[in-house]
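Note sheet for the following structure.
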Amino acid sequence: NAGVTQTPKFQVLKTGQSMTLQCAQDMNHEYMSWYRQDPGMGLRLIHYSVGAGITDQGEVPNGYNVSRSTTEDFPLRLLSAAPSQTSVYFCASSLTGGRNTEAFFGQGTRLTVV
Amino acid sequence: DAKTTQPTSMDCAEGRAANLPCNHSTISGNEYVYWYRQIHSQGPQYIIHGLKNNETNEMASLIITEDRKSSTLILPHATLRDTAVYYCIVRVMYGGSQGNLIFGKGTKLSVKP
Chain A
1 NAGVTQTPKF
11 QVLKTGQSMT
21 LQCAQDMNHE
31 YMSWYRQDPG
41 MGLRLIHYSV
51 GAGITDQGEV
61 PNGYNVSRST
71 TEDFPLRLLS
81 AAPSQTSVYF
91 CASSLTGGRN
101 TEAFFGQGTR
111 LTVV
Chain B
115 DAKTTQPTSM
125 DCAEGRAANL
135 PCNHSTISGN
145 EYVYWYRQIH
155 SQGPQYIIHG
165 LKNNETNEMA
175 SLIITEDRKS
185 STLILPHATL
195 RDTAVYYCIV
205 RVMYGGSQGN
215 LIFGKGTKLS
225 VKP
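Chains A and B are the protein sequences, given in the same order.
Each residue of the first sequence is one higher than the last, beginning at 1 in my numbering.
Each residue of the second sequence is one higher than the last, beginning at 115 in my numbering.
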């Protein structure tokens, strides 16, 4: 049981490049989400999904796309990277109902855009 | 915006109890109080949650006031490994946007030898 797995752990991009941050979970969780964390700040919600085929915007969605074709995977796409997207990105998953709805987080992807 | 207010930082002596306060005066009847922590650069880790009764697990205790407008997370015997940023979050239990975790800036707890 691996939990929430994020790849890559580190990435450097040039301005204008595109890339996909991968997130996978093996706990059969319906809910998945992406956050970014800038230095000295709390986590800010980018996008989230309550199940396969369903996605919605969070607090800071601009510049990012997501899709949810399977329960297990929730990739985050940067279509044209900008220096303002330099951040640490965290993926999380949880059940959507019942008592045990605590979120499990991945270890993060540290992205630098130059 | 986060619906909670927490002190920016706190210190605690190793081996003593750490009591972390949180104000959530606008909490709704169907919202739970959740606590997470983030140890240096790692992903946040779930600690505990509760609705109105006090809760205890192997990591911590959660005390919620009777009017539910504030709560306290208690780490009974703090260790150096408990040094982290602690986040208090209110949210509903079920899914959808109201169930999103919205993080504030949290409390930086420093446990000192």
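Here a beta-carbon is modelled for each residue, glycine too, at the ideal position from N, C-alpha and C.
Quick caveat, the model's predicted, so the values are computed rather than measured.
Reduced DSSP secondary structure (H/G/I, E/B, other) of residue i
i, result
"P135(B)", "strand"
"S224(B)", "strand"
"G213(B)", "helix"
"R68(A)", "coil"
"S80(A)", "coil"
Beta carbon proximity, residue i to chain A, threshold 8 Å
i, result
"G220(B)", "yes"
"G164(B)", "no"
"P121(B)", "no"
"G213(B)", "yes"
"I188(B)", "no"
"I216(B)", "yes"
Euclidean distance between Cα positions of residue i and residue j
i, j, result
"N133(B)", "E102(A)", "22 Å"
"F104(A)", "S94(A)", "6 Å"
"G16(A)", "H47(A)", "21 Å"
"R172(B)", "N62(A)", "For clarity, residue 172(B) is Glu in the given sequence; the question names Arg instead. Cα to Cα, E172(B) sits roughly 40 Å from N62(A)."
"T118(B)", "T221(B)", "11 Å"
"W149(B)", "C202(B)", "5 Å"
Residue-level contact to chain B via CB, residue i, 8 Å cutoff
i, result
"M41(A)", "yes"
"T55(A)", "no"
Partners in chain B for residue i, counting only beta-carbon separations shorter than 8 Å
i, result
"L111(A)", "Those do not exist, as L111(A) stays about 14 Å from chain B at its closest Cβ, beyond 8 Å."
7 Å Cβ cut-off: residues of chain B touching residue i
i, result
"F10(A)", "By Cβ distance, chain B contributes nothing, its closest Cβ being about 12 Å from F10(A), past 7 Å."
"T101(A)", "M207"
"T70(A)", "Simply none; closest approach about 18 Å."
Residue i: contacting residues in chain B (beta-carbon distance under 9 Å)
i, result
"G106(A)", "G157"
Residue i: contacting residues in chain A (beta-carbon distance under 8 Å)
i, result
"P200(B)", "Looking at the sequence provided, one finds Tyr at residue 200(B) rather than Pro. Neighbours of Y200(B) on chain A: none; closest Cβ ~11 Å, over 8 Å."
Worksheet item: Mind pulling the beta strand (DSSP E) runs of 3 or more residues that sit fully within the segment 119-183 of chain B?
Response: Taking 3 residues as the minimum length, the beta strand (DSSP E) runs contained wholly in the segment 119-183 of chain B are 123-127, 132-137, 145-152, 159-164 and 175-178, in order along the chain.
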